[in-house]
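Enquirer: Okay, here's the structure, questions in a sec.
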Amino acid sequence: MFSKQEKANFSRYWKGVFKYIFFVLFGFTALRVALLFLYDDAENVTLFSILTGTLIIGVGSVLVSVLIALMAIFKER
1287 MFSKQEKANF SRYWKGVFKY IFFVLFGFTA LRVALLFLYD DAENVTLFSI
1337 LTGTLIIGVG SVLVSVLIAL MAIFKER
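Just add 1286 to the spot in the sequence shown (first one is 1) and you have the working numbering.
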């Protein structure tokens, strides 16, 4: 279905997009947690909520990155 060149481009695209999306979302989550601690709402922050947020960020970033990479590959065709 995909040529070797398209597979190489796909890998390059999704890895490039993933790191930016992941770091932006992770930074936003870190800022949110820091603000909760700063304004004494830290009782709402648990390790489970932080791990769940990180999992959601990771999976969401992968899915969006793959979709963006696929759109770029199909646009090149």
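Ideal Cβ placement from N, Cα and C applies to all residues, glycine included.
These figures come from a predicted structure and were not determined experimentally.
Helix, strand or coil: how does DSSP classify R1363 here?
Expert: Taking the first residue of the sequence shown as 1, we reach residue 1363 at position 77. Three-state result, R1363: coil.
Enquirer: Which residues in the same chain as V1350 place their Cβ atom closer than 8 Å to its Cβ, once the five residues preceding and following it in sequence are excluded?
Expert: Within the sequence shown, the letter at position 64 stands for residue 1350. Taken in chain order, the residues that qualify are V1303, I1307.
Enquirer: When burial is assigned at 16 or more other CB atoms within 10 Å of the CB, is S1335 buried or exposed?
Expert: Locating residue 1335 in the sequence shown gives position 49, where the first residue counts as 1. The residue in question, S1335, is exposed, as its Cβ has fewer than 16 Cβ neighbours within 10 Å.
Enquirer: Pick helix, strand or coil for M1357, following the three-state DSSP scheme.
Expert: Translated into positions along the sequence shown, residue 1357 becomes position 71. Looking at M1357 - three-state DSSP - the assignment turns out to be helix.
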